Amino acid sequence: PVPVVRLSKRENRLGGAANVALNLRAMGAHPILCSVIGKDQAGGILQELLPQSGLSNRGLVPSDDRQTTVKTRVIAQSQHLLRVDQEDQDELSPQETEDLLQRIRQLLESKPIHLIIFQDYNKGVLTDTVIKEVILEAIKRDIPTAVDPKRKNFWAYKHVHLFKPNLKEVNDNLPFKVTTDLEDLRKAADYIQNQLGNTVTLITLSEKGLYYKSTYQEELVPTQPRSIADVCGAGDTVISVAALAVAAGMDLAAATRLANIAGGQVCERVGVVPVEANQLLEEFTATSLLK
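Quick note: the sequence shown, position 252, residue 249 per our numbering, numbers continuous.
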């Protein structure tokens, strides 16, 4: 039998790297989303949605040769039935690469930037050239960098500050098996930091919480029991909150606890949604008082 869905509502939401920007905006930051989009209807909708959400679209570079990524989710009674993806996964052309880098450099020169986040989905925008050039610009300006990597460019992010893979990505890229055991996680973080020279490694562990390690600190942070509705976008939320908190000067232990709570909270809501700052602060304060 063929599933039949009666359409009752259709809505457009920001997703992907724009969800990272939404989370940063919800926390009080003023992010600028930088990417390459198509000169198509979806690109037009994206350019309208960003300012409606309090976000700048100055970092977007339209291209004649690329389509804007659209993921169509069919949801019935809070359950995902189907997702249809329309996207390009080819790497940027040399011209698109140069246009994007030029736009990023213009933004870096036009106003003070306090943090750069690479949200990598293996969709071709974050090429080896883009990654290396932007990291170089950040180092020159002493801007901290944070990465949510994917498999293809996992080892391209040398000398970033915060590197946040999930456990699957760690196992896909390291030459040994990594479990949620503390010794395994420590060994994985040491291996990553030896390869990349990053300052902090933060590994998300799904329902097991997260683990972080820096030169002087490490901790396995468990999750709180929750009613999970949808895990879409949880990784976006974790990198957003952790990176922003660290860049703002919060202690690493507190920043990772805050990010862990934020990731759990968005899983209680259906769809790709940003964190709610007041709710996050309330739970963070309550759990901090219990420690």
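The C-beta atom is built at its ideal place from N, Cα and C for all residues, glycine as well.
In this text, all values refer to a predicted model and were calculated from it rather than measured experimentally.
For residue i, decide whether its Cβ has a neighbour in chain C, counting only Cβ atoms nearer than 8 Å.
| i | result |
| --- | --- |
| Phe173 | Looking at the structure shown, chain C is missing, and only one protein chain is on hand. |
State the Cα-Cα distance for the pair residue i and residue j, rounded to the nearest angstrom.
| i | j | result |
| --- | --- | --- |
| Asn170 | Gly246 | 31 Å |
| Ala244 | Ser237 | 11 Å |
| Ile72 | Asn9 | 13 Å |
| Pro141 | Asp248 | 15 Å |
| Ala231 | Lys205 | 14 Å |
| His156 | Asp187 | 14 Å |
| Asn257 | Leu202 | 10 Å |
| Ile189 | Ser90 | 30 Å |
| Ile128 | Arg254 | 28 Å |
| Asn16 | Gly41 | 17 Å |
| Ala14 | Leu57 | 12 Å |
| Gly51 | Val235 | 20 Å |
| Ser75 | Asp139 | 44 Å |
Looking only at C-alpha atoms, which of the options sits nearest to residue i?
| i | options | result |
| --- | --- | --- |
| Val2 | Ala18, His77, Ala186 and Val33 | His77 |
| Glu106 | Ala135, Thr94 and Asp96 | Ala135 |
| Glu93 | Pro141, Ile258, Gly121 and Val197 | Gly121 |
| Gln38 | Gln83, Asn191 and Ala23 | Gln83 |
| Lys149 | Asn119, Ala242 and Asn195 | Asn119 |
| Arg63 | Asp87, Asn54, Gln44 and Gly51 | Asp87 |
| Val81 | Glu95, Ala240, Ala14 and Thr66 | Thr66 |
| Asp96 | Asp85, Arg55, Ser75 and Phe115 | Arg55 |
| Glu180 | Asn163, Tyr208 and Val235 | Tyr208 |
| Asn163 | Ile132, Leu123, Gly260 and Ser53 | Gly260 |
| Phe115 | Pro28, Glu280, Lys6 and Ser53 | Pro28 |
| Glu130 | Gln44, Ser211 and Gln99 | Gln99 |
| Ala240 | Glu280, Glu215, Gln221 and Leu199 | Leu199 |
| Gln221 | Glu273, Ser285 and Leu30 | Ser285 |
When the distance is taken between beta carbons, is residue j closer than 8 Å to residue i?
| i | j | result |
| --- | --- | --- |
| Leu217 | Leu182 | yes |
| Pro219 | Ala23 | no |
| Tyr154 | Leu193 | yes |
| Gly35 | Pro59 | yes |
| Leu11 | Leu21 | no |
| Asp125 | Asp145 | no |
| Ala185 | Val197 | no |
| Glu166 | Lys147 | yes |
| Leu277 | Gln262 | yes |
| Leu47 | Ser53 | yes |
When DSSP labels each residue in this structure, what does residue i get in the three-state scheme?
| i | result |
| --- | --- |
| Gln221 | coil |
| Asn291 | Any answer about residue 291 is impossible in this case: the structure gives the chain only from -2 up to 288. |
| Glu273 | coil |
| Arg80 | strand |
| Ile113 | strand |
| Asp96 | helix |
| Gly35 | strand |
| Phe281 | helix |
| Asp139 | coil |
| Lys147 | coil |
| Asn163 | strand |
Buried or exposed: where does residue i fall if 16 or more other Cβ atoms within 10 Å of its Cβ makes it buried?
| i | result |
| --- | --- |
| Gln103 | exposed |
| Asp61 | exposed |
| Val(-1) | exposed |
| Ser32 | buried |
| Phe173 | exposed |
| Lys161 | buried |
| Tyr213 | exposed |
| Asn191 | exposed |
| Thr69 | exposed |
| Asn304 | Limits of the chain in this structure are -2 at one end and 288 at the other, which puts residue 304 out of reach. |
| Ala233 | The identity of residue 233 in the sequence shown is Asp, whereas the question assumes Ala. Under this definition Asp233 is a buried residue. |
| Ala251 | exposed |
| Leu4 | exposed |
| Ala283 | exposed |
| Leu133 | exposed |
| Lys6 | exposed |
| Leu289 | Missing from the structure shown is residue 289; the chain here goes from -2 to 288 and no further. |
Kindly examine the ligand SAM and report whether one of its heavy atoms sits closer than 7 Å to the Cβ of residue i.
| i | result |
| --- | --- |
| Ala256 | Looking at this structure, you won't find the ligand SAM or any other ligand, since it has none at all. |
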